[in-house]
Each structure stands twice: as C-alpha cells, then as structure tokens.
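Below: one structure, written as structure tokens.
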Amino acid sequence: MTSKLFSFSKKESRLYMSFMYVTFISLFIGGLMGLLQTFVRSGKYTLPFGIDYYTILTVHGVILGLVLTTFFIIGFQFSLLGKTVGISDKQLMVGWISFWVMLIGTVMASITILVGQASVLYTFYAPLRAHPAFYIGLALVIVGSWIAAFVNFRQLYVWKKAHKGEKSPLLAFMVTINMIMWVIASLGVAVSVLVLFIPWSLGYAETINVLLSRTLFWYFGHPLVYFWLLPAYMAWYAIIPKLVGGKIFSDSLARLAFILLLMFSIPVGFHHQLTEPGIDPTWKFIQVVLTFMVIIPSLMTAFSVFGSFEAAGRRKGFTSLFGWIKNLPWKDVRFLAPFIGMVAFIPGGAGGIINASHQMNALVHNTIWITGHFHLTAATTVILTFFGITYWLVPHLTGRRLTPKLNKLGLIQTWIWTIGMLIMSGAMHIQGLIGGPRRSSFSEYAGGEQVATWINYQIAQAVGGTILFVGIILMVYIFIQLSFFAPKGVQEYPIAEEEPDAEKTPKFLENWYLWIGITIALILFAYTIPMIDIIKHSPPGSPPFDWPIGK
Ligand code: HAS
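This is how it looks when you write it as structure tokens:
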C-alpha cells in the first residue's frame, strides 16, 4: 500500500512553482531559438542584426537541454519527496539556496551566450573557447543541483529514521536513484570545467587536452539523458496507472529497473565517441556492450507500463484481446501527452540502438539523424511527459483546477506537438541518412550534387519547427492560465497504489551500499585504463579557438 501522503504548505508550493516558472520561461526562449534555426537552415532566411547562427544554436541547446530540464526535474522531484516523505522548514530553506545558486549560474551563462561570448554549443567541445563566465555559470548550476540532491537525500534519511523497517515510498526511492546518478555523473563535468576549462579560458593554461575534456563531458553527457528520462519513468510507473484507474504493476520491478539504470547509465560515454581517435577500440567495444545492458531496464519499463494499462482495463471487465485499449482515458490530457511520449520512445529507442552499434554509428554520427534521435527521445518522450505532469502539478501547487476547456487546449497542444515533431524529426532522420550534417548552419557546400538532395528536408524541418513553435505558445498560455487565472479548486496529485495482494518488495533492493558500490566498480572498470591511456599518450594540447574563428 502507498504510505500516507503529505499536503503542501504555501511556502512549499512557492519553492516548487519557482522551478516551474524558470522552466516555462526557458521553453519560450529556447523554442524561439529553435524556430529561427530551422528557418536559417531552410536557406530562405537570414538572421537580422548580424546575429550569429551558432549563438542561437547555443542558446537553444543550453536553455532547453540543460536549464529547462534541470529546473523542471528538480522542482518536480522536490514535490514528489514533499508529497511522499515530507520536507522540514530547514530543508526548504536549503532548497531555496539551491534554486538561487542555479538561477544565478543560469543567468551568468545565458548572458554570456547572448552577447556572443560563448557560441560553443551545449556540449562546449574544446578547443572552442567561451568566456570564463560561461563555464563559471555552468559550474554554479551544477553546484546548485548538488545542494538540491543533498536536501533530497536528507529528506529520505529523516523519513527512514522515523519509519524504521518500512520500505521507502516508491517515488522517493526513484528520486534518490536519479539524484545519486546525477551527483556521480556531474562530478565528471565539474572536474572538466574546474580543472581544464576555467584555467584555460582565463589564460592560466595555454592549451587544453581536447580528448580528455570530451571524455569527461561524455562521462556526464550520457547519464545526463537518463537524468531527463527517469522523472518521465517515475510518472509512467507510479502516476499514469492512477490516471487509467489501475495500480502499480510491480513495485519490485520498478525499483530493479531504476537500479539497473543507475548502474549502467554511466560507464557508457564512449558510445558518443565511437569515431573519436585516441581511444582504444577494446574499451569502445566494452562500453558498447554496457550500452546494450542499459537498454534492458527500458524494455522492462515498456512491457510493464503497457501491462499496467491492460490490467486496469481487465479489472474493469474488458475481456477481448485489445478491447481494454478503448477504456484508456484518451480525452484526459494528463494521460494522452505522456502516452504519446511513450509511443515516440519506441522509434526513439530503436534509433538509440542503431547509434550504439559501432558500424552503423559510422553512418549516422555527426549527421542530423542524431538531432532527429534526440528530438524524439528528449523533446518528445521526455517533454510530452513533463507537459503531462504540468497539467496536474501546477494547478495542485497554485490551488487551481485543470478545467475541461484547458484540458481540451492541452489535447490540441499535444496533437500539434506530435504533428510538428513527426515532420521535423522525421525530416532530420532522413536527411541524416543521406549525409546532411548536424551542428551546422545553412550552406550549399559549393553546389555539391548530394547537397541538392537535402534542401526539401531542410524546408520540412522549418515547417515542423513552425508547428512546434505554435505548440510552445499554446503550452506557455496553458501554463500561465494554470498558474494565475484558472478557477480556484482542488486538483489531485495522482499517485497510484500497489496491488493489495502484491508480493513483498525484497529488502535488498534498498541496499544503497551495494548498488552504489557496483556502480562505482563498473565506472572504475570501464574508465580507469582508457583514462590513464588518454592522459599518458595524449597529443599536444590545443590553444583556444574563439568564435568566429580568427576573432
Ligand atoms: Fe541517445 C546521442 C544511444 C536513449 C538523448 N542521445 C544522443 C544525444 C542525445 C540523446 C541528446 O550509442 C546527442 C548528444 C550529442 O549532442 O551529441 N540513446 C542511445 C541508446 C538509448 C538512448 C542506446 N538518448 C536516449 C534518451 C535520450 C537520448 C532516452 C534523452 C532523453 N544516443 C545513443 C548514442 C548516441 C546518442 C550512441 C551518440 C550518437 C553519435 O554518434 O553522436 C537507449 O536508452 C534507448 C532504449 C529505449 C528503448 C525503448 C523502450 C520503449 C519504451 C516505450 C514503451 C511504450 C509504451 C506504449 C508502453 C529500448 C519504454 C505502448 C503503446 C503502444 C500503442 C504500442
């Protein structure tokens, strides 16, 4: 059974809402940049006032990939813990510190990008150099998120002390896993920023070890995508079943999936560097094998989430093979948006498996196929689930209601997003397969024959991007309504219960020492020797390149 749920005080709601405000401001700014990018790449539009394509591309990636996600996730996770294990006044105060540190870091990094001093994209690959304020801003965002992580750990610890012998609430367990993964992973990027980038950008170091900096980035960069995905999985496992009138499929299976994601999401960064010279192929092979291991918990999720839908329908008396599908709440946007996210993850995940396969990676790496892949996974699966959460979380926090009219607008928003993304991401996948590059502005490449085959797909991306931007405006409108204008009322915070006759969750699933121990052992195994290799045999470091080159 689900243990007692806490209700939110006004003070608490204010903190969680602050994270939501930053999320939706980011959605608007980042989305606008995305629209402009697709216009530029269509070849029919030039940016005004000499604004550089790579400046807006960096704003887009940093604001949507790093800022929006981190703020939404930390705010949502705070609310999950507040609901299931509670939060003390002191913890709340430290929660505010984390918010402000993250916000100051975000503002610093954003201004630096906007004034054209950090056109280095969200991966900030060396030897492109940004102004030190960009790296310091990013470091602050990470430090702020660590503060949030330690508040979260403390929240669960205090609850456990007061509930000796009880298993932790499933959602609190899941948040803890996500934050452990985040802290371990972000150590890599913190080291890279503090030890390599900041001294180099300040001019204290003349050169930078390019391969080492990229390897540290991807040590962080892959778990980063699971940091985005896991909150969506939290909703799929423990919230959506409530919305379809069902129960949690299996508490033990959900915990095991999260543990496997913790263990296997970090030692796999080399699958982003398969074409990178200087890394021994044996270690690339080992990390590819580990990548295939991290697919398993997602397949567990796919079957069990679908299973929970079927069980809900069967309980209501639907006996035919697929009759229960009709019973799903198709007209409830809290369900529809995440559901479409799930469906998108089927091709999105399949694309990931293609990327991870070394030979096929050679075909798609650095093509716009990869951009198509992460617009399906991150910008559809994850973001549509986040929108689905917003429809009940925001009114719950503001003491308002999702009215039938707003629900209807939400359904329209979901379909607009789906159509826009189908067109944009589909065109990106196809253009990638015929060689279209990613991370690049419009070019006719001196009139190459192959280049002529790309243009229609680039125009299709602009069409998809425009439809998506309409979706963004609608989503921001719904958010403003839910925050300030929707009628006052009570909106449920939906958390599903376990089956009454569910088997007991084994105690060892909460053996943190064991799971963190295995995670660290796997990381040491996958990274120690190649890291020593990279440091010992690295070519001469690179001096900085400032954008535009030659500046
Ligand atoms: Fe990825 C590149 C491999 C998942 C995001 N990925 C990226 C980049 C991003 C990203 C942002 O191996 C670009 C980074 C850059 O800037 O360079 N990815 C994978 C693999 C997975 C995967 C193996 N990626 C994600 C997720 C992301 C994400 C999730 C964001 C949220 N990815 C790669 C590789 C690269 C890469 C290489 C580097 C490429 C290169 O060369 O640069 C796996 O985790 C995927 C497993 C998923 C599944 C699907 C399970 C399906 C489910 C849905 C169930 C549906 C239901 C509904 C219940 C096996 C859970 C049923 C309803 C019905 C009607 C049937």
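In the working numbering, the protein residues as written are 145 to 695. For each residue, glycine too, the CB sits at the ideal point set by N, CA and C.
Top-ranked residue by Cα proximity to residue i, from the options
| i | options | result |
| --- | --- | --- |
| residue 164 | 678, 426, 433, 627 | 627 |
| residue 356 | 665, 420, 261 | 420 |
| residue 205 | 362, 671, 173 | 173 |
| residue 202 | 336, 306, 264 | 264 |
| residue 223 | 239, 573, 234 | 239 |
| residue 376 | 315, 395, 324, 338 | 315 |
| residue 288 | 379, 211, 340, 269 | 211 |
| residue 370 | 339, 407, 390 | 407 |
| residue 443 | 569, 685, 670, 401 | 401 |
| residue 631 | 190, 568, 538, 602 | 538 |
| residue 300 | 220, 317, 548 | 317 |
| residue 167 | 534, 650, 588 | 534 |
| residue 292 | 633, 246, 558 | 246 |
| residue 269 | 422, 680, 583 | 583 |
| residue 465 | 474, 459, 472, 454 | 454 |
| residue 525 | 482, 494, 503 | 482 |
Residue i: CB within 8 Å of a non-hydrogen atom of ligand 1
| i | result |
| --- | --- |
| residue 270 | no |
| residue 388 | no |
| residue 85 | No information on residue 85 is available, as it lies outside the stretch 145 to 695 that the chain covers here. |
| residue 518 | yes |
| residue 529 | no |
| residue 96 | Absent from the structure is residue 96, since the part of the chain shown begins at 145 and ends at 695. |
| residue 499 | yes |
| residue 655 | no |
| residue 372 | yes |
| residue 189 | no |
| residue 493 | yes |
| residue 522 | yes |
| residue 209 | yes |
| residue 496 | yes |
| residue 214 | no |
| residue 565 | no |
| residue 383 | no |
| residue 204 | no |
| residue 285 | no |
| residue 443 | yes |
| residue 266 | yes |
| residue 481 | no |
| residue 378 | no |
| residue 407 | no |
| residue 465 | no |
| residue 177 | no |
Inter-residue Cα distance where the pair is residue i and residue j
| i | j | result |
| --- | --- | --- |
| residue 480 | residue 554 | 9 Å |
| residue 181 | residue 197 | 7 Å |
| residue 258 | residue 200 | 8 Å |
| residue 652 | residue 662 | 14 Å |
| residue 145 | residue 611 | Model confidence at residue 145 stands at a pLDDT of 48, short of 50, so the residue's coordinates are unreliable and nothing is read from them. |
| residue 667 | residue 678 | 16 Å |
| residue 470 | residue 520 | 26 Å |
| residue 498 | residue 310 | 42 Å |
| residue 528 | residue 476 | 14 Å |
| residue 225 | residue 433 | 34 Å |
| residue 509 | residue 361 | 17 Å |
| residue 290 | residue 614 | 35 Å |
| residue 280 | residue 262 | 12 Å |
| residue 514 | residue 417 | 13 Å |
| residue 561 | residue 606 | 14 Å |
| residue 208 | residue 463 | 44 Å |
| residue 684 | residue 340 | 14 Å |
| residue 397 | residue 295 | 27 Å |
| residue 185 | residue 250 | 27 Å |
| residue 387 | residue 576 | 38 Å |
| residue 620 | residue 546 | 15 Å |
| residue 585 | residue 595 | 13 Å |
| residue 150 | residue 313 | 12 Å |
Residues bridged to residue i (per DSSP)
| i | result |
| --- | --- |
| residue 272 | 689 |
| residue 403 | Looking at the DSSP assignment, residue 403 forms no beta bridge with any residue, so it has no partner. |
| residue 352 | 686 |
| residue 642 | 392 |
| residue 581 | 511 |
| residue 458 | DSSP lists no partner for residue 458. |
| residue 632 | 544 |
Cβ-heavy atom distance, residue i to ligand 3, below 8 Å
| i | result |
| --- | --- |
| residue 326 | Judged by which ligands are present, ligand 3 is missing from the structure shown, whose ligands are ligand 1. |
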